[in-house]
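Participant: These protein sequence lines map, in sequence, to chains A and B.
Be aware that the first sequence starts at 1, since it is given in this note's numbering, and climbs by one per residue.
Be aware that the second sequence starts at 1, since it is given in this note's numbering, and climbs by one per residue.
For glycine and all other residues, C-beta sits at the position ideal for the given N, C-alpha and C.
Dumping the structure here so I can ask a few things about it.
Number of protein chains: 2
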Amino acid sequence: MWFTKFQFMKKSFLTPGPSELYFTVEDHLKTALKENICEVSHRSKIFQQTFLHTVNELRTLLNLPQNFHVVFTASATEVWERIIENLSAKHTYHLVNGSFSSKFYEFAVQLQRQALKYQVPENQGFDLEKINPPAETELICLTHNETSTGVSMPIADIDAIRKKYPEALIALDMVSSAPYPELNWESIDTAFFSVQKCFGLPAGLGVWIFNEKCVAKAQALQQSGQSLGTYHSIPSLLSNAVKNETPETPNVLGIYLLGKVAEDMNRRGAAVIRQDTNYKAALLYSVLEKSNVFKPAVKEKKFRSQTVVVAEAAPENIKKILEEAEKQHIIIGTGYGKLKDTQIRIANFPTHSKEVIEKVANMIQNFS
Amino acid sequence: MWFTKFQFMKKSFLTPGPSELYFTVEDHLKTALKENICEVSHRSKIFQQTFLHTVNELRTLLNLPQNFHVVFTASATEVWERIIENLSAKHTYHLVNGSFSSKFYEFAVQLQRQALKYQVPENQGFDLEKINPPAETELICLTHNETSTGVSMPIADIDAIRKKYPEALIALDMVSSAPYPELNWESIDTAFFSVQKCFGLPAGLGVWIFNEKCVAKAQALQQSGQSLGTYHSIPSLLSNAVKNETPETPNVLGIYLLGKVAEDMNRRGAAVIRQDTNYKAALLYSVLEKSNVFKPAVKEKKFRSQTVVVAEAAPENIKKILEEAEKQHIIIGTGYGKLKDTQIRIANFPTHSKEVIEKVANMIQNFS
């Protein structure tokens, strides 16, 4: 490590993205520079090997079936746009319970789709019975983990939606949960995430996963005369991905680092990461349940996120705990948007150690 | 520097992008990590200061008037798409003389514009008399430096086009020349570049510059019912930029590094960078003119790029000089696409030292 002398005052970022860098990132950066990763052509063998390595490590980590393709965008925000452009002509249906699921819906509106939404208040999950996309729905947009409010969608609910609506494409936003959830991939057609959350990487890269049903849909839309966009349309991305390349000069360093961190995570094992995440989340929810000051913002246990734990309290206590944490060099996330003064968001990502989460749990427990 | 022990075998990348990292990048990366640049929120003061610093350094370096806005995208490729989406309803006109100017045109076609082009063969410039966009043209798309063939557009020609067509918006691709050209900013409305060329930075960031006339055009198109896209529409980018923010979580590290390198370049001075570039280019063209083996690929001197010097020769000599250079740890760019076997492209960017360019010039001079 380069900064041994600074370690003593190194801050811990328990913010829900950008967040703490994965603990191996500095070393990988050093290797990347040594190996000229930022300098080689994005049409070179070295790049193609890097691309393939990253995709393969992600396949292993996410247990991704072979009929899914993996491509890279600049952000998960970009993927919202590309999904609407490439996988719908008119009719999209969105489950909305916070700022990010709402933006996915708004993107469909801005792209002039006839977008419908089933919305519930912040910090709440969805009633399966009330999910009723009309027959003409082409695309159902789900958010596994609503980063703004810490509400997670149970895997069983995703499976149930697929069972009830086998025709429509199902898109899943996994921005702040991947690689945590153990998905049944047959229940979804496309998924995406960005790398500055659970992967602990510098921001500026999105990962977009889609299956053959998505490819067929995009081709059908194109044949019907619809523009799918340009370089980041599914046909363009795919024709490059089969060569382990990207249409444009991409964030090469980001793709390299993602592959290295995914490899590190595979060495640890997805099951162990999941177990550790559950342990740390349980610890946080347990002290929140017992606290007289802080409460879990999500009341129904089955909807509580394991990766973004949100607590609510009176504004003066929110302010105080953020300050107390900062004195201990721990940066906790504030509430999102209008919830800024009444909530905190604690990221519980793979890079966040048990020690630092225990420290925060103690802080909540001993708060007075 | 971290890699003193590897320096002796460090390669020089004289490729036209990705290319050699600017010589200060490693140190800035180190500082970025120390200052948690990858970890802070993109809604924080630290990010806003970073954004503002980068924009201000670019304004100085490019001598950019205040009526131009600076925003960030993922690549210059993305900007092609955003310009067509935001600044045209139907009629675009393109000057095409290589792969990249051609792609700009193709993007307009894919976005279903009635795109027209005036095309000349590779390695040639345009005849001012033959540039005749029809009256209904909304957007004229120019490429200052065609990276695939080393053809540059004289600044006087850009000025002449503006004078003749004061109504249409003029877009300028400066991907592989910025910050070299000393533009008359009143002659163009929007310009863009990526950072892995002359700025010597890791790929994954585009810079998009546009004036108030562009903002008005985008607003008018939106009011007419046209979709401008979503998060990277001009209104969305601008409403965030006034807060020194971006719509999405951007490539924060890339924005930080760009600001630092632009600051380094300002310390050196744009005039000095220009002078050094001219000196190094003159050296290369001079040995190419005298060589019996290699010839400048661009015959007309006024169209020769100062930042991407392209030479042609018989395939066996192209192969041989690439190999000879590699033995000396110098990576020279191959010809682009179908010109791969008959041309070489030598990047002459600010980070490329006089010494390494002199080495290449000697190699050409002594080639046998």
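#1: Does any residue of chain B have a CB that is nearer than 9 Å to the CB of alanine 74 of chain A?
#2: Just to confirm before moving on: does the CB-CB distance between histidine 94 of chain B and alanine 108 of chain B stay below 9 Å?
#3: Please report the straight-line C-alpha distance between isoleucine 330 of chain B and arginine 345 of chain B, rounded to a whole angstrom.
#4: Runs of 4 residues minimum, wholly inside the region 214-251 of chain A: which ones carry the alpha helix (DSSP H) assignment?
#5: Give the residues from the region 89-109 of chain A that approach chain B closer than 7 Å (Cβ to any Cβ), ordered along the chain.
#6: Could you list which residues in chain B have their beta carbon closer than 8 Å to that of alanine 203 of chain A, in chain order?
#7: With a threshold of 9 Å between beta-carbons, can tryptophan 2 of chain B be considered close to chain A, or not?
#8: Return helix, strand or coil for lysine 295 of chain B, following the three-state DSSP convention.
#9: Comparing C-alpha positions only, which one of B:Thr249, B:Pro154, B:Lys320 sits nearest to serine 187 of chain B?
#10: Under 7 Å Cβ-Cβ, which residues of chain B neighbour lysine 243 of chain A?
#11: Please list the segments of the alpha helix (DSSP H) lying wholly inside the region 44-127 of chain B, counting only runs of 4 or more residues, in order along the chain.
#12: For glycine 206 of chain A, name the three-state secondary structure that DSSP assigns.
#13: Can you find a C-beta in chain B that's less than 9 Å from the C-beta of glutamine 112 of chain A?
#14: Quick one: Cα of leucine 228 of chain A to Cα of lysine 213 of chain B, how far?
#15: For glycine 15 of chain B, which residues in the same chain have their Cβ closer than 8 Å to its Cβ, ignoring the five residues on either side in sequence?
#16: For the region 167-200 of chain B, enumerate the residues whose C-beta is nearer than 8 Å to any C-beta of chain A, in chain order.
#17: Residues of chain B with CB under 9 Å from threonine 15 of chain A, in chain order?
#18: Straight-line CA distance for leucine 64 of chain B to valine 175 of chain B?
#19: Between which two residues does the alpha helix (DSSP H) holding isoleucine 321 of chain A run?
#20: Mind checking who asparagine 432 of chain A pairs with in its DSSP beta bridge?
#21: Tell me, please, whether the region 149-165 of chain B touches the region 193-209 of chain B by the rule of three or more beta-carbon pairs shorter than 8 Å.
#22: Just to confirm my understanding: we take histidine 53 of chain A, look at its own chain, exclude 5 residues before and 5 after, and list those with CB closer than 8 Å. What are they?
#23: Using 9 Å as the threshold, is the C-beta distance between serine 19 of chain B and glutamate 35 of chain A below it?
#24: What is the DSSP secondary structure of glycine 337 of chain A, reduced to helix, strand or coil?
#25: Residues of chain B with CB under 8 Å from glycine 335 of chain A, in chain order?
#26: Would you give the residue range spanned by the alpha helix (DSSP H) that glutamate 358 of chain A belongs to?
#27: Between B:Ala156, B:Gln219, B:Thr31, B:Val96, which has its C-alpha nearest asparagine 86 of chain B's C-alpha?
#28: Using the Cα positions of serine 177 of chain A and asparagine 145 of chain B, report the straight-line distance between them to the nearest angstrom.
#29: What residue does the alpha helix (DSSP H) around isoleucine 273 of chain B start on, and which one ends it?
#30: Does any residue of chain A bring its CB to less than 9 Å from the CB of glutamate 20 of chain B?
#31: Name the two residues that bound the continuous beta strand (DSSP E) containing valine 309 of chain A.
#32: So with CB distances below 8 Å, who are the chain A contacts of leucine 87 of chain B?
#33: Under 7 Å Cβ-Cβ, which residues of chain A neighbour serine 227 of chain B?
#34: Between which two residues does the alpha helix (DSSP H) harbouring alanine 32 of chain B extend?
Facilitator: Let me lay it out:
#1: So yes, alanine 74 of chain A belongs to the interface.
#2: Closer than 9 Å, so yes.
#3: A direct Cα-Cα distance of roughly 13 Å separates isoleucine 330 of chain B from arginine 345 of chain B.
#4: Complete alpha helix (DSSP H) runs here, min 4: 234-241.
#5: Against chain B - using a Cβ distance shorter than 7 Å - the residues of the region 89-109 of chain A are Phe107.
#6: Per Cβ cutoff of 8 Å: Cys38, His42, Thr249, Pro250, Asn251, Val252, Leu253.
#7: Residue placement at tryptophan 2 of chain B is flagged as unreliable, the pLDDT there being 46, under the threshold of 50; the coordinate-derived value follows with that caveat. Closer than 9 Å: yes.
#8: Here lysine 295 of chain B sits in strand by DSSP.
#9: For serine 187 of chain B, the nearest C-alpha among the options comes from B:Pro154.
#10: Correct list: empty, because the minimum Cβ distance to chain B is about 15 Å.
#11: Counting only unbroken stretches of 4 or more residues, the alpha helix (DSSP H) elements lying wholly within the region 44-127 of chain B are 45-62, 76-87, 99-110, in sequence order.
#12: If DSSP states are grouped into helix, strand and coil, glycine 206 of chain A belongs with the strands.
#13: Closer than 9 Å to some Cβ of chain B, the Cβ of glutamine 112 of chain A qualifies, so yes.
#14: Cα to Cα, leucine 228 of chain A sits roughly 28 Å from lysine 213 of chain B.
#15: The amino acid occupying residue 15 of chain B in the given sequence is threonine; glycine does not appear at that position. Taken in chain order, the residues that qualify are Ile331, Ile332, Gly333, Arg345, Ala347.
#16: Cβ contacts with chain A come from Ser194, Gln196.
#17: In chain order: Glu39, Val40, Ser41.
#18: In this structure, the CA atom of leucine 64 of chain B is about 16 Å from the CA atom of valine 175 of chain B.
#19: 315-327 is the span of the alpha helix (DSSP H), which, as asked, contains isoleucine 321 of chain A.
#20: Chain A is shown only over 1 to 368; residue 432 of chain A falls outside these bounds and no answer can be derived.
#21: Fewer than three beta-carbon pairs drawn from the region 149-165 of chain B and the region 193-209 of chain B are found closer than 8 Å, and the two stretches are therefore not classed as touching.
#22: Residues Gly259, Glu263 of the same chain have their beta carbon placed closer than 8 Å to that of histidine 53 of chain A, with the five preceding and five following residues left out of the count.
#23: Taking a C-beta distance under 9 Å as the contact criterion, serine 19 of chain B and glutamate 35 of chain A do not qualify as a contact pair.
#24: Of the three classes helix, strand and coil, the one that applies to glycine 337 of chain A here is helix, per DSSP.
#25: Taking the beta carbon of glycine 335 of chain A as reference, no residue of chain B falls within 8 Å; the closest one sits roughly 12 Å away.
#26: First-last of the alpha helix (DSSP H) with glutamate 358 of chain A: 354-365.
#27: Nearest C-alpha to asparagine 86 of chain B: B:Gln219.
#28: Cα-Cα distance, rounded: 43 Å.
#29: That run of the alpha helix (DSSP H) goes 270-290.
#30: Interface residue, yes.
#31: Element bounds for valine 309 of chain A: 308-312.
#32: The contacting residues do not exist; leucine 87 of chain B stays about 15 Å from chain A at best.
#33: Under the 7 Å cutoff, chain A gives Gln110, Leu111, Gln112.
#34: Here the alpha helix (DSSP H) through alanine 32 of chain B covers 25-34.
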